[in-house]
Amino acid sequence: MFGIGLPEIGVIIVVALIAFGPDRLPDYARQAGRMVRQVRKFAQAAQQDLRDELGPEFADLTLADLDPRVAIRKHILEALDDEDYDRAAAVADVAKDMLKPGERPPYDVEAT
Numbered sequence: 009m010f011g012i013g014l015p016e017i018g019v020i021i022v023v024a025l026i027a028f029g030p031d032r033l034p035d036y037a038r039q040a041g042r043m044v045r046q047v048r049k050f051a052q053a054a055q056q057d058l059r060d061e062l063g064p065e066f067a068d069l070t071l072a073d074l075d076p077r078v079a080i081r082k083h084i085l086e087a088l089d090d091e092d093y094d095r096a097a098a099v100a101d102v103a104k105d106m107l108k109p110g111e112r113p114p115y116d117v118e119a120t
């Protein structure tokens, strides 16, 4: 989940036993579990509030969709799948601005 494997979890448990002692460790574990549940409930409630405020067209919204990388990737893929997208025209637009073989790029004397 967080890139933590079995050896790391073992080290965390050993350090927790040394730091808190075996008699208080179960109480701290319960408190940590409650905190994780509360944070998860808070995140789900915030996500539901966001969906309610945005309306029915955003009913499938997840918090991962708010990541800029995910949003850009999603919109680019939607644009590529769109029927109105003409790949040949897009390639022709890019190709007309490219240099021909043997052609020298423009040179601006004032730009340094």
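Count along the sequence shown from 1, add 8, and you get the number used in the working numbering. All C-beta atoms, glycine included, are put in the ideal place defined by N, C-alpha and C.
For residue i, the three-state DSSP class (helix, strand or coil)
{"i": "residue 26", "result": "helix"}
{"i": "residue 104", "result": "helix"}
{"i": "residue 109", "result": "coil"}
{"i": "residue 2", "result": "Because the chain here runs from 9 to 120, residue 2 falls outside it and cannot be looked at."}
{"i": "residue 117", "result": "coil"}
C-beta contact flag for residue i and residue j at 9 Å
{"i": "residue 69", "j": "residue 58", "result": "yes"}
{"i": "residue 71", "j": "residue 53", "result": "no"}
{"i": "residue 73", "j": "residue 67", "result": "no"}
{"i": "residue 21", "j": "residue 12", "result": "no"}
Neighbourhood of residue i by C-beta distance below 8 Å, restricted to the same chain and skipping five residues each side
{"i": "residue 107", "result": "113"}
{"i": "residue 25", "result": "33"}
{"i": "residue 48", "result": "none"}
Beta-carbon contacts of residue i that lie in its chain and below 6 Å, excluding the five residues immediately before and after
{"i": "residue 30", "result": "none"}
{"i": "residue 119", "result": "none"}
Segments assigned alpha helix (DSSP H), at least 4 residues, entirely inside the region 33 to 98: Within the region 33 to 98, the complete alpha helix (DSSP H) segments at least 4 residues long are 33 to 62 and 76 to 89, listed from N- to C-terminus.
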